[in-house]
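These notes are about the structure you will find just below.
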Amino acid sequence: MFADLYFWRTRNQQEIDLVEVTGNDIKAYEFKWQTKRKYKLPGAFREAYPESEFQLINQENYLDFLI
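Residue numbering for the sequence shown follows this note's numbering, beginning at 4 and increasing consecutively.
See the structure below:
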């Protein structure tokens with residue numbers, strides 16, 4: 004099954020780097036090279052898509068994401 008890929012941003016500049024939509028499944032990915040930075044899913048995205056999955060991709064897990 005093919006996935007539709009999107010970038011998501013609000014007018015308040017909250018953003019998600021990659022949103023993957025496959026059927027009814029929504030997966031959100033944020034890419035940050037620094038592993039020490041804390042990141043949380045923007046509230047507007049969480050409210051609009053409460054059933055979505057979220058994953059932070061960083062230098063410790065990017066290879067798993069690519070493979």
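Don't be surprised by glycine CBs; every beta carbon is placed ideally from N, CA and C. Predicted model only: the values in this text are computed from it and were never measured.
May I ask you to report which of helix, strand or coil DSSP gives Arg12? Numbered from 1 along the sequence shown, position 9 holds the residue referred to as residue 12. Of the three classes helix, strand and coil, the one that applies to Arg12 here is strand, per DSSP.
If you follow the alpha helix (DSSP H) that Tyr52 is part of, which residue opens it and which one closes it? Indexing the sequence shown from 1 puts residue 52 at position 49. Unbroken run through Tyr52: none, as it is neither H nor E.
Alpha-carbon to alpha-carbon, Asp20 and Tyr42: As a working mapping, residue 42 is identified with position 39 in the sequence shown. As a working mapping, residue 20 is identified with position 17 in the sequence shown. Taking the straight line from one Cα to the other gives about 13 Å.
I need the DSSP call for Phe34, collapsed to helix, strand or coil. Working through the sequence shown from its first residue, we reach residue 34 at position 31. Here Phe34 sits in strand by DSSP.
Is it buried or exposed, Ile29, if we count other Cβ atoms within 10 angstroms and call 16 or more buried? As a first step, residue 29 must be located in the sequence shown, where it is residue number 26. If you draw a 10 Å sphere on the C-beta of Ile29, you find 16 or more other C-beta atoms in it, and that means buried.
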